[in-house]
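**Q**
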Amino acid sequence: MQNNSRKEMKQKVARTIKWTAIDRIVTVVMNVVTGIALANILPKEDFGLVAAILVFQAFAVLFVDNGFATALIQKKTCSREEYSSALWFNISMAVVVYIIMFLCAPLIAKVFDNDTRLIPLGRVMFLTFVFNATAIVQTSRLYKMMSVKIVTAVNAFATILSSGIALALATWGYGAWALVWQAIFLAASKSIGLWIAGGWRPIFKFSFSHIKGFFKVGSGMLGASFLNVLFGKVYGLIIGNRAGILPLSYYGQADKWSTMGVSNILSILTSSFLPALSSYQDQPEEFAAATSKMNRFGSYIIMFALGLAIVIATPLFHICFNEKWDGAIILFQLLLLRGVFVSLSSLYNNYIIARGHTKLIISTEIIRDIVALVAIALTLPYVTLSTPDEPTKGIAILLWGQIAAAIIAWLYTIYFAAKLSWRHWWTFFTDSLPYAATTILALLPAGLLARIMENEMALLISQCATSIGLYLLLNHIAGSKIQKDVIAWIWKRKL
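Quick note, the sequence shown lines up with residues 1 to 495 if you use our numbering.
Below, the structure is given as structure tokens:
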């Protein structure tokens, strides 16, 4: 019976990973195509304006969600009244937050050298709060049931529609408004699509007792997310305030493209693993076995994918943008390096969340933020530093603080995640170290190719082919069961 249960859950996780991966691939492809086109069409400064708005929008979004998305998925079962209560609360918070942000738009402009262009842009952009709030429960409910196919279809439609609108507006000379309306149409079409296809409708009931229950899990995630955003977006605030909109444009592009890779990997892992782990939260043996496999699978994907992106950054940027965004390359690489540790920490956080100890995540964030504060204090005098060859030299120095903070948080998270997974902390290292080693060995030749090849396209293809081939070969020689499972899954064999 136990083996059958594991087999059934394994199949559910595999299906969820498949559809989430399809969702992410479609989204990434469209975002990459649209992003490259927009980055070549629009002036650099337009991206800086939107990046300035996103600094403040990131904080406001937290208070719209309140951590309820995680709480809904973590809870074993949810009634219609519980879902409805969460929906009405999210929408109410979204309206309140929008009004506050609408009124604060002139103050936001003052932070960035009183650039009044930010006022109308922000007031429209902030409407995404309301649209996204109407989709939180619908999305969480589908992920909880592992019915990701519907979410995939809706996201694909919304991404294609919003991308087309953004390209059209950019071509017609609407500048930064093209990016703003892209965000609006993306949020609105996702919400409408989920309400049409999701099949769930709320009831007009609201219970504070349900909201209090969600806050027990959600408050921990809200606090952790707030600190995470604070010390993630504060860098954009510092750069925009101290260095200006143009340097912020470079940072914004680097952050956008690096986050695209990191967030998509995390989305696949979180949406697939958290529901499965929640079902095992009271079964030590099954929970420990699941976390071991998830560690190895996560390490297999995260380390190589982000490592390869770091190595191919220069030819990739040159092919996509010529030399227009060269100042963002080193920032992109540093943010990806940070992303390796952030991704692993987020993977481990799933284990903590599944056991219902979300407040522990806040302590992790506090430790990381203390390190980040020290790093900011030490590197702040250099943020405006630049040279003709390195226009973002000071920003790069600033980002090393993020990397140090991410490593400290990763180590701290391992301790608690292992304890709550009924495992020893050192087993988390033994899960990941083999894939760290094969990643480094597989990427070394790609670094050498950059020294002997001048053609950017040939270099990019050679680096990718060599690295992927070596990675697969090295893991085959090492007898990686995870790789065997991944290949079997791709070929639709029995996982």
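Beta carbons: idealized from backbone N, C-alpha and C, even for Gly. No experiment lies behind these values; they were computed from the predicted model shown.
Hey, which unbroken runs of the alpha helix (DSSP H) at 4 residues or more fall wholly within the segment 77-114?
**A** Taking only runs of at least 4 residues, the alpha helix (DSSP H) segments lying wholly in the segment 77-114 are 80-111.
**Q** Check for me: the alpha helix (DSSP H) holding alanine 170 runs from which residue to which?
**A** Here the question's residue 170 lines up with position 170 in the sequence shown. It spans 148-171 - the alpha helix (DSSP H) in which alanine 170 sits, taken as one unbroken run.
**Q** Does DSSP classify methionine 145 as helix, strand or coil?
**A** Reading the sequence shown from its first residue, position 145 is the one you call residue 145. Here methionine 145 sits in coil by DSSP.
**Q** From which residue to which residue does the alpha helix (DSSP H) around tyrosine 174 run?
**A** Sequence index remark: in the sequence shown, residue 174 carries index 174 (1-based). Counting along the chain, tyrosine 174 falls outside any alpha helix (DSSP H), and DSSP gives it neither H nor E.
**Q** Taking the C-alpha atoms as reference points, what is the distance between isoleucine 192 and tyrosine 412?
**A** Position 192 of the sequence shown, counting from 1, holds the residue named residue 192. Position 412 of the sequence shown, counting from 1, holds the residue named residue 412. One C-alpha to the other measures close to 41 Å.
**Q** So, for asparagine 475: in the same chain, excluding its five sequence neighbours on each side, which residues have a beta-carbon less than 7 Å away from its beta-carbon?
**A** Reading the sequence shown from its first residue, position 475 is the one you call residue 475. Hits under 7 Å: Thr438, Gln483.
**Q** Give the C-beta separation of alanine 498 and tryptophan 181 to the nearest angstrom, bearing in mind that I take them to be a contact with Cβ-Cβ under 8 Å.
**A** For residue 498 there is no data in the structure shown, the boundaries of the chain being 1 and 495.
**Q** Would you be able to state if there are at least three C-beta pairs under 8 Å between the segment 88-103 and the segment 123-133?
**A** Yes, since at least three Cβ pairs between the segment 123-133 and the segment 88-103 fall closer than 8 Å, the two stretches touch.
**Q** Leaving out five residues on either side along the sequence, give the residues of the same chain with a beta carbon under 7 Å from the beta carbon of leucine 335.
**A** Within the sequence shown, the letter at position 335 stands for residue 335. Taken in chain order, the residues that qualify are Ala254, Asp255, Ser258, Leu399.
**Q** With a threshold of 16 other CB atoms inside 10 Å of the CB of threonine 387, please say whether the residue is buried or exposed.
**A** As a working mapping, residue 387 is identified with position 387 in the sequence shown. So threonine 387 counts as exposed.
**Q** Which same chain residues, not among the five before or five after glycine 252, have their C-beta less than 8 Å away from its C-beta?
**A** Against the sequence shown, residue 252 aligns to sequence position 252. Excluding residues within five positions, the ones whose Cβ falls inside 8 Å are Phe47, Gly48, Val50, Ala51, Leu54, Gly236.
**Q** Pick helix, strand or coil for phenylalanine 317, following the three-state DSSP scheme.
**A** In the sequence shown, counting from the first residue as 1, residue 317 sits at position 317. DSSP places phenylalanine 317 in helix when its eight states are reduced to three.
**Q** Since leucine 460 contacts proline 315 with CB under 8 Å, what's their CB separation in whole angstroms?
**A** The sequence position of residue 460 within the sequence shown is 460, counting from 1. The sequence position of residue 315 within the sequence shown is 315, counting from 1. That belief holds up - the Cβ atoms of leucine 460 and proline 315 are roughly 4 Å apart, short of 8 Å.
**Q** Given threonine 116, which residues of its chain have a CB within under 6 Å of its CB, disregarding the five upstream and five downstream residues?
**A** The residue labelled residue 116 in the question sits at position 116 within the sequence shown. Cβ neighbours of threonine 116 beyond the five flanking positions: Ala109.
**Q** Whether or not the segment 304-323 and the segment 363-382 are in contact is what I'm after, with contact meaning three or more pairs of Cβ atoms, one per stretch, closer than 8 Å; do they touch?
**A** Counting Cβ pairs under 8 Å, fewer than three are found: no touch.
**Q** Is the segment 338-348 close to the segment 294-301, with three or more CB pairs under 8 Å?
**A** Yes, the segment 338-348 is in contact with the segment 294-301.
**Q** Is it true that the CB of glutamate 456 sits closer than 7 Å to the CB of isoleucine 319?
**A** Here residue 319 refers to the residue found at position 319 of the sequence shown. Here residue 456 refers to the residue found at position 456 of the sequence shown. Yes, these two residues count as a Cβ contact at 7 Å.
**Q** My output table needs one value for glutamate 454: the three-state DSSP class, helix, strand or coil.
**A** Working through the sequence shown from its first residue, we reach residue 454 at position 454. Correct three-state label for glutamate 454: coil.
**Q** What number of angstroms, rounded off, separates the C-alpha of glutamine 2 from the C-alpha of threonine 427?
**A** Indexing the sequence shown from 1 puts residue 2 at position 2. Indexing the sequence shown from 1 puts residue 427 at position 427. Per-residue confidence for glutamine 2 stands at a pLDDT of 48, beneath the threshold of 50, marking its modelled position as unreliable; the derived number appears in the next sentence. Those two C-alpha atoms are separated by around 24 Å.
**Q** With a CB to CB cut of under 6 Å and the five nearest residues on each side skipped, what residues in its chain are close to threonine 379?
**A** Working through the sequence shown from its first residue, we reach residue 379 at position 379. Excluding residues within five positions, the ones whose Cβ falls inside 6 Å are Ile397, Leu398, Gly401.
**Q** With a cut-off of 8 Å on the beta carbons, I'd call phenylalanine 185 and serine 162 a contact; round off their distance for me.
**A** In the sequence shown, the residue the question calls residue 185 occupies position 185. In the sequence shown, the residue the question calls residue 162 occupies position 162. The pair is a contact, with the Cβ atoms about 4 Å apart (cut-off 8 Å).
**Q** Give the DSSP-derived three-state secondary structure of proline 202 in the structure shown.
**A** Translated into positions along the sequence shown, residue 202 becomes position 202. Proline 202 falls in the coil class under three-state DSSP.
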